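Reading through the structure tokens given below for one structure.
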Amino acid sequence: MKLSCDQEKLSKGLGIVGRAVATRTTLPITNNVLLATEQSRLKLAATNLEIAISYWLGAKVEEEGAITIPARLLTDFINALPNERIDISLSPRTRTLELKCARFEGRINGVEAEEFPPIPTIGDGVATKIEPEALRLAIAQVAFAAATEETRPVLTGVKAEFDGDTLTLAAADGFRLAVHQAPLATPVAERTEVIIPARALSELGRLLTEQEEPVEITINPQRSQVLFRLKDVEMVSQLIQGAFPNYNQLIPQSYSTRAEMSLSDLAKAARTASIFAREGSAIVRLQIMPGEETAPGRVVLSARAEEVGDNVGEIDALVEGEESKIAFNSKYLSDVLAVLRQDRVALETTSPSSPGVIRPVGAENYIHVVMPMFVQW
Amino acid sequence: MWQVVGHEKAVGLLQRSLKGEKLSHAYLFVGPRHVGKMTLAINLAQALNCTGEEKPCGGCPQCLRIAARKHADVHVVELDGRTEIGIDQIREMQHFASLKPFEGRHRVFIIDRAERLSHEASNCLLKTLEEPPQNVKLVLLAANERLLLPTVLSRCQRLELRPLPIAMVEEALIHRWRVVPERARILARLSSGCLGWAVSATEDEQLLHHRNERLASLIRLASGGMDERFAYAAQLANQFSQDRESVNGVLSLWLVWWHDLMLVKGGSGDFTANVDQEETLLSEAKRYSLTQIRGFMQSLRQAMAQLEQNANPRLVLEVLMFSIPKGKEG
């Protein structure tokens with residue numbers, strides 16, 4: 001293997017695939033990054049056996065070859081080099097990678113590429129395309145609601161339903177549920193449902209920020225892996241096995257009170273209440289009061305920390321239905337408000353003990369359900 | 001081809017279950033150390049993922065990667081230098097168990113020395129053990145199943161691996177590992193039917209050397225004075241606080257030696273384990289009566305049991321030193 005490439009590009013590529021390098025591992029080689037020449041490009045790849053990220057960068061290849069190198073060491077070394085051309089050569093006998101850049105050079109011992117777990121390639125299967133912005137929004141509005149604890153592995157994933165020209169993402173952790181529908185750029189041939197690890201989607205969301213062209217999504221015929229193809233980057237994620245709970249049952253079909261208010265007002269009031277909530281039991285109480293002839297409707301947010309203090313904040317709202325009360329975990333309320341893009345937001349409730357529904361006003365494709373907390377009013 | 005030597009009964013059962021697709025989701029392989037539990041477990045993992053005709057073929061990429069312990073779907077959970085297998089290791093295992101296989105068809109988790117599972121780890125394991133996700137198989141390996149929680153035991157299909165016939169070990173050493181017959185004969189006898197030990201001894205000269213050194217000092221002890229014996233007991237007790245396993249090894253070695261003495265005394269010298277020590281065995285056997293030999297073997301077993309029950313190691317070992325029988329001079 002003999003090639004030369006740009007320090008800046010290589011550094012960027014290592015940063016991208018570095019997200020998939022294993023940290024704790026039963027297979028030590030997954031701490032390495034794979035370097036392989038592919039025609040006139042250099043392929044970088046890493047996997048933690050849950051996700052695999054490959055990145056291609058332009059390089060002047062003189063001799064083909066492949067090797068795996070400890071990721072941390074290589075990345076730190078490349079990042080420390082000046083922004084100039086790097087000449088890379090591999091001595092196959094000793095498996096030592098030699099790097100030369102300006103007046104610096106380094107030698108790193110590697111492990112044969114054959115020992116690396118095969119980076120999955122997905123040829124056929126269910127395929128579709130989606131606009132990067134639509135996918136990014138869907139991930140941002142859903143992935144945070146997935147469980148982080150492994151007691152029920154399916155809940156650490158995001159259910160993805162591909163049906164016709166719609167992709168529905170849903171995540172739940174037992175206390176909240178987020179469902180987002182995004183349009184697909186090309187419809188799928190058959191209805192497909194899979195569970196993708198939320199962590200993998202968060203990584204994908206990160207990669208999508210620089211993407212402009214549509215993202216290709218392919219699910220392999222065994223339904224064990226999903227591939228996301230971006231410009232110069234491919235990410236493959238293992239899918240979670242098991243049955244995702246039927247979340248449609250959890251979405252309340254009706255409401256007795258509906259309050260519509262400005263998102264920024266509500267977010268601000270929620271943030272204020274969270275200052276006291278975090279000192280106590282993390283509870284934010286919401287009181288929804290319908291308007292009267294002379295006064296508009298209001299939503300009162302309050303929080304209390306025993307022996308510390310309390311606060312009350314009030315915002316204007318368009319209230320429909322009767323007066324109602326509901327209490328939420330302050331984190332769950334702030335989390336959902338942070339991912340909404342619309343100017344106005346609606347809160348729908350039935351009783352203090354039934355779930356509250358938060359919807360952006362003017363966007364039909366997102367719904368968020370939060371379980372209330374039981375408090376003495 | 002199943003790589004494991006012997007254990008026809010266990011292999012036969014697994015083969016039939018594989019054919020009928022009636023494999024249990026969790027197995028417990030019980031047998032002494034080095035008897036072939038890990039080899040059998042690896043073979044089972046190969047059979048489950050093999051792409052060849054005769055599963056496990058041993059030659060397809062899947063089989064090769066599993067044999068080299070590089071397969072992404074075959075995880076071995078082991079002690080890793082710690083004193084017990086912790087709950088974090090089980091949680092990590094469960095995380096991977098929830099994902100579909102990476103490169104093969106089945107995920108196989110092998111828990112080596114399952115008797116060292118911590119209490120929390122065992123309890124954490126129960127749910128997966130009872131109802132693992134699809135395409136997930138668990139294999140627990142244990143030398144001492146009494147140390148496993150009954151709740152763990154009852155969730156596994158148990159397969160017992162017994163020590164192999166000495167002749168089989170000898171033959172395997174000669175034909176598969178290309179050991180010179182003379183050496184193979186000694187190693188096979190010394191292995192007490194545990195092929196794994198014999199194989200590691202062929203690769204590591206030190207192993208046999210250490211063993212002989214230890215044995216020599218134990219034999220010396222029998223004719224030595226009390227000072228010497230007590231010094232040895234103190235040293236052993238010290239060692240025990242750092243490495244229980246090795247002290248247990250010393251005592252087992254001693255037990256085998258006295259068993260050999262009993263065999264020689266009883267006129268069954270052909271079956272001794274320490275074939276390389278024939279002369280010493282003969283002369284030592286003359287010094288003791290059968291009752292004395294039997295008595296000391298009992299004391300040895302008792303000491304080993306007491307050590308396992310966390311008795312004061314120094315006291316146990318000193319008492320043991322007292323019970324070395326007094327041999328006839330000459």
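If you're matching them up, the sequences are chains A and B in order. Take the first sequence: its position 183, counting from 1, is numbered 183 in our numbering, and each next residue is one higher. Take the second sequence: its position 204, counting from 1, is numbered 204 in our numbering, and each next residue is one higher. C-beta: ideal position from N, C-alpha, C; glycine also. Since this is a predicted model, take the numbers as computed values, not measurements.
Would you kindly work out how many angstroms separate the C-alpha atoms of residue i and residue j, rounded to a whole number?
{"i": "L164 of chain B", "j": "C50 of chain B", "result": "27 Å"}
{"i": "I293 of chain B", "j": "I42 of chain B", "result": "41 Å"}
{"i": "L177 of chain A", "j": "E260 of chain A", "result": "20 Å"}
{"i": "A167 of chain B", "j": "A188 of chain B", "result": "7 Å"}
{"i": "M373 of chain A", "j": "I326 of chain A", "result": "8 Å"}
{"i": "Q46 of chain B", "j": "I111 of chain B", "result": "16 Å"}
{"i": "N79 of chain A", "j": "K9 of chain A", "result": "11 Å"}
{"i": "S268 of chain B", "j": "V111 of chain A", "result": "54 Å"}
{"i": "G225 of chain B", "j": "A72 of chain B", "result": "57 Å"}
{"i": "L321 of chain A", "j": "I130 of chain A", "result": "The question names Leu, but residue 321 of chain A in the sequence shown is Gly. Their backbone Cα atoms lie some 39 Å apart in a straight line."}
{"i": "L27 of chain A", "j": "L190 of chain B", "result": "34 Å"}
{"i": "E193 of chain A", "j": "K159 of chain A", "result": "7 Å"}
{"i": "E348 of chain A", "j": "T257 of chain A", "result": "6 Å"}
{"i": "P118 of chain A", "j": "E103 of chain B", "result": "7 Å"}
{"i": "P325 of chain B", "j": "Q302 of chain B", "result": "15 Å"}
{"i": "E318 of chain B", "j": "F109 of chain B", "result": "43 Å"}
{"i": "E203 of chain B", "j": "E170 of chain B", "result": "15 Å"}
{"i": "F29 of chain B", "j": "L13 of chain B", "result": "13 Å"}
{"i": "N238 of chain B", "j": "Y232 of chain B", "result": "10 Å"}
{"i": "L215 of chain B", "j": "E308 of chain B", "result": "22 Å"}
{"i": "E278 of chain B", "j": "W257 of chain B", "result": "11 Å"}
{"i": "R24 of chain A", "j": "T148 of chain A", "result": "17 Å"}
{"i": "A185 of chain A", "j": "Q211 of chain A", "result": "15 Å"}
Is residue i helix, strand or coil when you go by DSSP?
{"i": "T166 of chain A", "result": "strand"}
{"i": "Y332 of chain A", "result": "helix"}
{"i": "R69 of chain B", "result": "coil"}
{"i": "W2 of chain B", "result": "coil"}
{"i": "P61 of chain B", "result": "helix"}
{"i": "E98 of chain A", "result": "strand"}
{"i": "F175 of chain A", "result": "coil"}
{"i": "W56 of chain A", "result": "strand"}
{"i": "M38 of chain B", "result": "helix"}
{"i": "M297 of chain B", "result": "helix"}
{"i": "I108 of chain A", "result": "strand"}
{"i": "G356 of chain A", "result": "strand"}
{"i": "Y255 of chain A", "result": "coil"}
{"i": "A143 of chain B", "result": "coil"}
{"i": "N79 of chain A", "result": "helix"}
{"i": "Y232 of chain B", "result": "helix"}
{"i": "Y247 of chain A", "result": "helix"}
Assuming residue i contacts residue j (C-beta within less than 8 Å), just tell me the rounded distance between them.
{"i": "F328 of chain A", "j": "V284 of chain A", "result": "5 Å"}
{"i": "A200 of chain A", "j": "V339 of chain A", "result": "Incorrect: roughly 18 Å between the Cβ atoms, too far for contact."}
{"i": "C156 of chain B", "j": "A26 of chain B", "result": "5 Å"}
{"i": "L261 of chain B", "j": "Y288 of chain B", "result": "7 Å"}
{"i": "G58 of chain A", "j": "R41 of chain A", "result": "6 Å"}
{"i": "V319 of chain A", "j": "G291 of chain A", "result": "6 Å"}
{"i": "I87 of chain B", "j": "V77 of chain B", "result": "Not confirmed; about 12 Å, so no contact."}
{"i": "A145 of chain A", "j": "D173 of chain A", "result": "6 Å"}
{"i": "D343 of chain A", "j": "S262 of chain A", "result": "7 Å"}
So, for residue i: in the same chain, excluding its five sequence neighbours on each side, which residues have a beta-carbon less than 7 Å away from its beta-carbon?
{"i": "V264 of chain B", "result": "T272, L281, L282, A285"}
{"i": "S299 of chain B", "result": "L320, S323"}
{"i": "A113 of chain A", "result": "L34, A36, A66, I67, T68"}
Looking only at its chain, what residues have a beta carbon closer than 6 Å to the beta carbon of residue i, apart from the 5 residues adjacent to it on each side?
{"i": "N144 of chain B", "result": "E115"}
{"i": "R229 of chain A", "result": "E216"}
{"i": "F244 of chain A", "result": "V154, K159, I195"}
{"i": "V188 of chain A", "result": "V126, T128, F162"}
Would you say the beta carbon of residue i comes nearer than 7 Å to a heavy atom of the ligand COA?
{"i": "L251 of chain B", "result": "As presented, the structure is devoid of all ligands, the ligand COA included, so that no description of it is given."}
Return the chain-ordered list of same chain residues with a C-beta closer than 8 Å to the C-beta of residue i, the five sequence neighbours on each side being excluded.
{"i": "P120 of chain A", "result": "A52, N220, Q225, L227, V236"}
Would you call the segment 44-63 of chain A in contact with the segment 222-239 of chain A, where contact means no fewer than 3 C-beta pairs closer than 8 Å?
The segment 44-63 of chain A vs the segment 222-239 of chain A: in contact.
How do the segment 128-147 of chain A and the segment 92-111 of chain A stand: do at least 3 beta-carbon pairs fall below 8 Å, yes or no?
no
Evaluate contact between the segment 214-231 of chain A and the segment 263-274 of chain A, counting only Cβ atoms and requiring at least three cross-stretch pairs below 8 Å.
With a cut-off of 8 Å on Cβ pairs, the segment 214-231 of chain A is not in contact with the segment 263-274 of chain A, counting fewer than three such pairs.
I want to know whether the segment 102-115 of chain A touches the segment 45-62 of chain B - three or more CB-CB distances under 8 Å.
no
Do the segment 165-185 of chain B and the segment 3-18 of chain B meet, that is, are 3 or more Cβ pairs less than 8 Å apart?
yes
Within 8 Å, do at least three Cβ pairs link the segment 64-71 of chain B to the segment 118-127 of chain B?
no
Just checking, does the segment 64-75 of chain A make contact with the segment 15-33 of chain A on the three C-beta pairs under 8 Å criterion?
As far as the Cβ criterion goes, the segment 64-75 of chain A touches the segment 15-33 of chain A, which means the pair count is three or higher.
Should the segment 120-140 of chain B be called in touch with the segment 87-100 of chain B, which here means at least 3 C-beta pairs below 8 Å?
The segment 120-140 of chain B is in contact with the segment 87-100 of chain B.
Per the contact definition of three or more C-beta pairs closer than 8 Å, is the segment 292-304 of chain A in contact with the segment 355-369 of chain A?
no
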